[in-house]
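Below you'll find the structure, written out as structure tokens, and then a few comments.
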Amino acid sequence: MRCLPGLVVLFVGCAAARPTHLLERSVAGGEGLECRAFVAWNHEPVRDAFLVINGSGTLSNAFVHRTLEGLLKARHVAYATYDKPGVFARFGDPQAVKRDDARLERYTLGHGTQCAIEALHLLRAQLGPQVRLHVRAHSEGTLVALYAYDELLAHEPELASRIATFVLSGLPVEPLGVIVDRQLEKMPDGASMRAAFAACDWQALEPRMGVSCAWLEDAKRRPSGREMFERLAAQRVPARFVVFHGTEDWHAPVAAVRELEVWNAAHGHLAIDFHYHEGGHQGSDAARAEVEKLFGMLAPD
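My numbering numbers the first residue of the sequence shown as 7 and each following residue consecutively.
Below is the structure:
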């Protein structure tokens, strides 16, 4: 798996059947980069739409995750996601991925944030402004989701107001630079990977880490997950947040998430529900079942 250890893609899999309606479009990520976005639905009119933002790595997201397959088949919902710049696959066949390494090496969280915003624009353009929006994000994707929401609140408040729920897992609360340093210390080949970052050796970083020097330098400059929640709390945002986190997650330590929970109860007063499960960064069957149940409650049809 070509993923950064710790900020891994949780959602590897394939859709069981091709949806009745499928829209594929390239959306702008900024600086000349584009992401391939997908919107899938079976039943009209669509009432709820889920944008799925996965974690770090070079895999394709061109499939419906199993926690949303049943909902997509049975209810008036849409499923949306996108691939990073330089990642290409047919929807429903993510294993047949092709990559343009020159584009992928340039990818940063800033590009991911812009692609997420454009994917929301695509949903609205296709399905109408009445659709209720939900964001499902994991690991790096949780930060992209928070950054995108913050930008929408500042520049497109009406669109931001349509996002009802953020369902987040593997939440990196600490600064990403701190998280990556810790991961490199724990990796058997961490010293060589640290040298690869110092030399910006993409040929070494791509297969082992799945992120580049450009990604890391951009990530170090950005607010941490904790800082983003503090910023959102200061704005008294209306969205509901649901956090799922493994008690044995060494990639994004649970202690920082518990500290966020204590802080929010005392000072933040955001609408956040915290759920903890036994297991690591990749989740567990029990946690996935709980997430699937939650999705059914969010889109009762």
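Glycine is no exception: its CB is placed at the ideal position from the N, C-alpha and C atoms.
query	result
Close Cβ partners of Gly183 (< 8 angstroms) along its chain, the five nearest in sequence each way excluded	Leu222, Ala225, Lys226
His140 - partner residues in DSSP beta bridges	Phe56, Thr171
Bounding residues of the alpha helix (DSSP H) (the contiguous stretch that carries Arg72)	72 to 80
Residue of Ser62, Tyr153, Trp47 minimising C-alpha distance to Val186	Ser62
C-beta atoms of Tyr85 and Val70 nearer than 8 angstroms	yes
Reference Glu236; option with closest CA among Val137, Gly274, Asp307, Glu30	Gly274
Glu254 versus Glu284 - alpha carbon distance	7 angstroms
CA nearest to the CA of Asn48, picked from Glu75, Ile59, Ala34	Glu75
Identity of the residue in Gly289, Ala239, Phe301 nearest Ile278 by Cα	Ala239
Distance CB(Ala170)-CB(Ala151) smaller than 8 angstroms	no
Spatial neighbours of Ala102 in its chain, beta-carbon cut-off 7 angstroms, leaving aside the 5 residues before and after	Ala95, Arg96
C-alpha distance - Ala262 paired with His251, whole-angstrom precision	11 angstroms
Environment of Pro91 [buried if 16+ CB atoms lie within 10 Å]	buried
Distance between Thr148 and Leu177 (C-alpha atoms, nearest Å)	6 angstroms
Contact belief for Val179 with Val52 at Cβ below 8 angstroms, rounded distance in angstroms	With a Cβ gap of about 33 angstroms, Val179 and Val52 do not count as contacting.
Close-in-space but distant-in-sequence residues of the same chain around Leu158 (CB under 6 angstroms, 5 per side omitted)	Leu165, Ala166
Residues that Glu30 bridges to, as DSSP identifies them	Phe44
Buried/exposed call for Gly134, threshold 16 Cβ in 10 Å	exposed
The stretch 284 to 296 / the stretch 29 to 44 touching (three or more Cβ pairs under 8 angstroms)	no
Separation of Asp106 from Phe203, as counted between CA atoms	20 angstroms
Where the alpha helix (DSSP H) through Val186 begins and ends	182 to 192
Close Cβ partners of Gly116 (< 7 angstroms) along its chain, the five nearest in sequence each way excluded	Gly36, Asp224
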